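> Supplied in structure tokens, the structure appears directly below.
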Amino acid sequence: MTPMLQPDERVQLQRILSQYPDFVQAQGRVVLMRISGVADVVSGVDLSGVPRTVAGSVLLRLEDYGQLPARPGYHALGALLSYLLGLGDLPVADAKVCAKMIVQYALVDDPDSVSDLRARYGLAGVEVVGPKEERVERSLPANMYQTKYLTALRELILERLSEVDVRTLCMDLGADYDDLGGSGKRAKVLSLVQYVHQRRCFPKLLVVGKDLRDDIDWEEVFRA
């Protein structure tokens, strides 16, 4: 999955979690993960390191995981944040940050709980945002699949990405590089752009492309 939180939001949550008393020691982290219902999700994360580093790893794992099968309606990150809020011992400002993340990213599918968070923390004006691809799509031209933009995308990928990068991009988009038509990098990139057109996944490509190569100005294709 592609990242959901903005970098500054992730940093805020990383600080809050790393400073939480029960997270200071490794044993406390193990207990916290278990009681909040996310122990299985973070089973591969080393919980014994420096609090801030461990907090960052835990948050990324929860963010990427998605919904908890054992707890329908709860995103993994929402389960942890809800548990922390339920304990009632977070500083008010930190509690508001956690509540806002739950509301803004629809991390808990429980209208009554969400309404309570909005009222308790003054979040009436906070809008629910969709996945990052949806937010990116709203910023793109309505005619993003015009030939000139697809051609510009093809040339950008050919010029700036290595074959290894292209393989990674394909994997992140759900395409198999080896199954794409043609042989050689140029033919594969042409097939990839056709895939993007057919699947209407330009926004997702921009999201995963930025994660892969943040040194590239991907939006330049729309200035073609």
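Take 363 as the starting number for the sequence shown in the working numbering and just add one per residue.
All residues carry an ideal CB built from backbone N, CA and C; glycine is no exception.
Just so we're clear, the structure is a prediction, and the values are computed from it rather than from any experiment.
Give the DSSP-derived three-state secondary structure of Gln-429 in the structure shown.
To locate residue 429, count along the sequence shown from 1; it is residue 67. Gln-429: strand per DSSP, three-state reduction.
> To the nearest angstrom, how far is the alpha carbon of Glu-582 from that of Glu-499?
Translated into the one-based positions of the sequence shown, residue 582 becomes position 220. Translated into the one-based positions of the sequence shown, residue 499 becomes position 137. Cα-Cα distance, rounded: 15 Å.
> When the distance is taken between beta carbons, is Tyr-427 closer than 7 Å to Val-403?
Locating residue 403 in the sequence shown gives position 41, where the first residue counts as 1. Locating residue 427 in the sequence shown gives position 65, where the first residue counts as 1. Yes, the pair counts as a contact, with Cβ atoms nearer than the cut-off.
> Who are His-437's beta bridge partners in DSSP?
Residue 437 sits at position 75 when you count from the first residue of the sequence shown. DSSP, once it has assigned bridges, lists Gln-429 as partnering His-437.
> Whole-angstrom Cβ separation of Lys-628 and Glu-495, contact assumed at under 8 Å?
In the structure as shown, the chain starts at 363 and stops at 586, and residue 628 therefore has no counterpart that could be examined.
> Below 8 Å on the Cβ atoms is my contact criterion, and I expect Leu-375 with Met-463 to pass it. Report the Cβ-Cβ distance as a whole number of Å.
Within the sequence shown, residue 375 is the residue found at index 13, counting from 1. Within the sequence shown, residue 463 is the residue found at index 101, counting from 1. Yes, they are in contact, since the Cβ atoms of Leu-375 and Met-463 sit about 7 Å apart, within 8 Å.
> To the nearest angstrom, report how far apart Ala-524 and Arg-516 are at their CA atoms.
What you label residue 524 is simply residue 162 of the sequence shown in a count that begins at 1. What you label residue 516 is simply residue 154 of the sequence shown in a count that begins at 1. The sequence shown places Ser at residue 524, not Ala. Taking the straight line joining both Cα atoms gives about 13 Å.
> Where does Gly-484 land, buried or exposed, given buried means 16+ other C-beta within 10 angstroms?
Here residue 484 corresponds to residue number 122 of the sequence shown, with the count starting at 1. Its Cβ having fewer than 16 others within 10 Å, Gly-484 is exposed.
> Which partner residues of Val-470 appear in the DSSP bridge assignment?
Start at 1 with the first residue of the sequence shown, and residue 470 comes out as number 108. Partner(s): Tyr-436.
> Rounded to the nearest angstrom, what separates Arg-511 and Pro-503 at their Cα positions?
Against the sequence shown, residue 511 aligns to sequence position 149. Against the sequence shown, residue 503 aligns to sequence position 141. Checking the sequence, you will find Tyr at residue 511 rather than Arg. So the two alpha carbons sit approximately 10 Å from each other.
> Using the beta-carbon count (16 or more within 10 Å), is Met-395 buried or exposed?
Locating residue 395 in the sequence shown gives position 33, counting from the first residue. Buried, because 16 or more other Cβ atoms sit within 10 Å of the Cβ of Met-395.
> If Ser-398 sits next to Ala-432, beta carbons under 8 Å apart, how far is it from one beta carbon to the other, in whole angstroms?
Indexing the sequence shown from 1 puts residue 398 at position 36. Indexing the sequence shown from 1 puts residue 432 at position 70. Incorrect: roughly 12 Å between the Cβ atoms, too far for contact.
> Hey, would you say Ala-586 sits closer than 7 Å to Tyr-557, going by beta carbons?
Residue 586 sits at position 224 when you count from the first residue of the sequence shown. Residue 557 sits at position 195 when you count from the first residue of the sequence shown. Not a contact, by the Cβ cut-off of 7 Å.
> Which stretch, first to last residue, makes up the alpha helix (DSSP H) that contains Phe-564?
If you number the sequence shown from 1, residue 564 lands on position 202. Taken as a continuous stretch (DSSP letters only), the alpha helix (DSSP H) holding Phe-564 covers 564 to 574.
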